[in-house]
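Report on the following structure.
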Amino acid sequence: MMRTVGFVITLFLLTPLLFFCSDGSRQVNEKSEKNEKDAIKGKRKNAEETNEISGSEQDDEFIYDDSLSEYINAYNKTLSLFELPVREKDVPTQFGNAHVLICGKSENPPVVLLHGMNASSTMWYPNMKTLAKNYCVYAIDFLLEPGKSTCNTKRLNKKQIADWYDEVFSKLGLKSVYLVGCSRGGWLAVAVTLNKPEKIKKLVLLSPAQTFTWIPPSSALLSNITYSISPDKDKLGQILSGLSVRSVKINKTYFDQYYLGTEKDAISSCIFQMTPYSRKSVETLSMPVLVLIGDKDIINNQRCLDKAKKWLPNVQTGTIENAGHFLSFDQPDTVNLLIRNFLKE
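As structure tokens, then:
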């Protein structure tokens with residue numbers, strides 16, 4: 001019974017934030033339908049204007065629907081929070097353009113970041129500057145959610161999504177990477193790794209949603225369900241407080257961008273594929289893996305770490321004090337240090 005309840009909650013919860021934790025959002029559906037009608041109307045202004053807003057370098061012009069321009073502008077403003085040069089690149093793929101944020105020297109070892117649900121790659125603003133000191137960091141916008149990636153289809157299954165990421169890696173010239181995923185991004189990171197394990201040197205999972213265990217039911221999750229059905233900016237702060245012990249510290253620029261994303265987003269069909277992985281599949285991952293959760297994490301608990309220890313042959317686990325589900329926001333210095341130390345080992 002609890003398993004069923006957990007599954008139902010998961011299906012409807014993982015939209016409002018799972019900020020770290022997505023296939024067919026309202027944004028995506030709108031894009032897809034308009035693509036089918038050949039009604040994409042506008043182009044984002046050229047790199048010069050983008051640089052004025054975010055200090056970033058734009059390699060390719062990004063095509064978007066005019067109705068999404070408010071979100072794109074908010075996204076660009078959030079890039080200023082990175083406090084270092086950001087190179088933006090659009091990578092053509094079989095399913096649409098992958099938008100990638102790149103920071104750090106290109107000759108450094110590559111680290112790939114997979115963001116949480118509806119969060120876009122700008123969610124990494126508390127972490128990018130530190131990681132980019134020793135690595136070339138690639139943060140990829142998920143193609144079926146708010147962000148700058150575009151999609152030419154309404155639905156993708158888990159295998160297609162994993163293949164999409166592999167195609168992006170290949171076109172970026174990334175033969176072997178360190179892979180980091182948060183929440184839903186953690187679940188996707190495992191899918192990517194199972195699909196092409198030879199390309200992943202090490203795997204970091206930050207409170208991976210629905211990856212080792214079902215999400216435990218709670219009142220906070222029910223609040224997220226309500227918000228996902230009817231987003232309300234006045235209620236977003238309260239919703240985030242259930243996922244972050246420092247929600248008031250989330251930068252307002254990013255907060256505004258995130259709200260615009262959830263306002264346009266609908267329950268993602270990818271959620272219906274988000275069931276925990278089996279022991280048989282996880283046991284095949286032989287590379288070093290780091291799994292971190294928060295001590296006040298409503299998405300994961302000790303059972304998650306216990307299963308990770310039993311199933312993964314080469315794993316380190318840890319619980320971050322004074323942190324909720326949003327580890328990289330709640331305790332960025334601690335998370336950054338643990339990731340860097342793990343990658344250096």
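Every letter in the sequence shown is one number past the one before it in UniProt numbering, and letter 284, counting from 1, is 284.
We treat Cβ as the ideally placed atom computed from N, Cα and C, and that holds for glycine.
Under the DSSP definition of a beta bridge, Asn97 partners with Pro92.
Of the candidates Phe82, Arg87 and Ala119, the residue whose Cα lies closest to the Cα of Tyr258 is Ala119.
By the Cβ neighbour-count rule, Gln210 is buried, with 16 or more other Cβ atoms within 10 Å of its own. In the three-state reduction of the DSSP assignment, Ile298 falls in the coil class. Residue state for Tyr138 is assigned as strand, using DSSP reduced to three classes. Between Val91 and Val168, the gap from beta carbon to beta carbon is short of 8 Å.
Val289 carries a strand assignment under DSSP once its states are collapsed to helix, strand and coil. The three-state reading of DSSP puts Leu312 in coil, since its state is none of H, G, I, E or B.
The C-alpha of Thr193 is placed about 14 Å away from the C-alpha of Asn314. Taking C-beta atoms as the reference points, Leu81 and Tyr254 count as a pair closer than 8 Å. In this structure Leu79 does not touch Ser207 by the C-beta definition: roughly 24 Å separates them, more than the 8 Å allowed. Rounded to whole angstroms, Ser176 and Tyr135 show a C-alpha spacing of 13 Å. In this structure, Thr150 sits near Asn97, with a CB-CB distance shorter than 8 Å. Contact annotation, Gly261 with Tyr71: C-beta distance approximately 6 Å; criterion of less than 8 Å satisfied. For Leu327, the enclosing alpha helix (DSSP H) begins and ends at Leu327 to Asp330. Nearest to Lys199 by alpha-carbon distance, out of Gly173, Leu156, Pro332 and Tyr125, is Gly173. DSSP places Val245 in no alpha helix (DSSP H); its state is neither H nor E. When the beta-carbon positions are compared, Leu113 and Ala139 come within less than 8 Å of each other. According to the DSSP assignment, Ile200 belongs to the beta strand (DSSP E) that extends over Ile200 to Leu206. For Leu172, there is no enclosing alpha helix (DSSP H), as DSSP marks it with neither H nor E.
The shortest C-alpha to C-alpha distance from Lys158 to any of Lys201, Gly185 and Ile339 is the one to Gly185. Of the candidates Asn341, Ile299 and Trp164, the residue whose Cα lies closest to the Cα of Phe212 is Ile299. Residue pairing for Pro110: DSSP places it in a beta bridge opposite Cys136. Proximity to Ala191 across Met128, Val282 and Trp124 peaks at Val282, based on C-alpha coordinates.
For Tyr178, the enclosing beta strand (DSSP E) covers residues Val177 to Cys182.
In this structure, Ile250 keeps its C-beta atom at 8 Å or more from the C-beta atom of Ser241.
Between the alpha carbons of Val291 and Gln316 lies a gap of roughly 6 Å.
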